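Take the sequence shown: its position 26, counting from 1, is numbered 1008 in my numbering, and each next residue is one higher. One structure is given below, encoded as structure tokens.
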Amino acid sequence: MKTFLTQFFTWWNSQTLGTRLHTWRYGKKVGQDETGNVYYEGGVDSEGRTRRWVIYRNYSEASAIPPGWHGWIHHRVDVAPPSDDYKPRDWQKSHQPNLTGTPAAYRPKGSVLTNQHRPQVTGDYDAWTPGS
983 MKTFLTQFFT WWNSQTLGTR LHTWRYGKKV GQDETGNVYY EGGVDSEGRT
1033 RRWVIYRNYS EASAIPPGWH GWIHHRVDVA PPSDDYKPRD WQKSHQPNLT
1083 GTPAAYRPKG SVLTNQHRPQ VTGDYDAWTP GS
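Here it is in structure tokens:
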């Protein structure tokens, strides 16, 4: 019952009731990534392409989609990662959650949320003025 209520009243918890109905009616499961997000396709969008979407395992966070699935969901590649034996490149990093608004967020020196002082201005910058 709790799952139903969160899906009915919130959009950030996995999927809404409307998305659940749309997926049940039109969706064909394509695959699942290592974090538990499930990918679907079905129907046609306004540009005539096959519609693709993801049902997130937990909170809806677009940055949680791995690179291979990102390319597929944005129509950059036609073959989904499970059938293409997708291997991430050495330089690709694993997912890091978006920490904005949390205590672990990046705060540069001089931020009002830190006790550090802003670096002193060195005078190496001259502002542009018209006619100079």
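We put the CB at the ideal spot given by N, CA and C, even for glycine. As the structure is a computational prediction, the values presented were derived from the model and not from experiment.
Whole-angstrom distance between residue j and residue i, CA atom to CA atom
i: Gly1024; j: Ile1055; result: 12 angstroms
i: Lys1010; j: Val1020; result: 11 angstroms
i: Pro1101; j: Gly1092; result: 7 angstroms
i: Ser1114; j: Gln1098; result: 37 angstroms
i: Trp1006; j: Ala1086; result: 38 angstroms
i: Thr1082; j: Tyr1041; result: 15 angstroms
i: Pro1090; j: Thr1084; result: 14 angstroms
i: Arg1039; j: His1004; result: 17 angstroms
i: Thr1001; j: Asp1106; result: 55 angstroms
i: Thr1111; j: Tyr1088; result: 34 angstroms
Cutoff 6 angstroms; reference residue i; Cβ partners in own chain excluding five residues on either side
i: Ser1045; result: Asn1080
Sequence-distant residues of the same chain with beta carbon closer than 7 angstroms to residue i, five excluded per side
i: Val1026; result: Thr1032, Arg1033
i: Trp1035; result: Tyr1022
i: Gly1018; result: Arg1039
Contact check, residue i vs residue j, beta carbons under 7 angstroms
i: Trp1051; j: Asp1015; result: yes
i: Pro1064; j: Gly1013; result: yes
Residues that residue i bridges to, as DSSP identifies them
i: Lys1010; result: Glu1023
i: Thr998; result: Its beta-bridge partners do not exist; DSSP assigns none.
Check: residue i C-beta below 6 angstroms from any heavy atom of the ligand GTP
i: Lys1091; result: Within the structure as shown, the ligand GTP is missing, as the structure has no ligands at all.
Sequence-distant residues of the same chain with beta carbon closer than 8 angstroms to residue i, five excluded per side
i: Val1094; result: none
i: Val1061; result: Trp1054
i: His1115; result: This structure cannot speak to residue 1115, because the chain is shown only from 983 to 1114.
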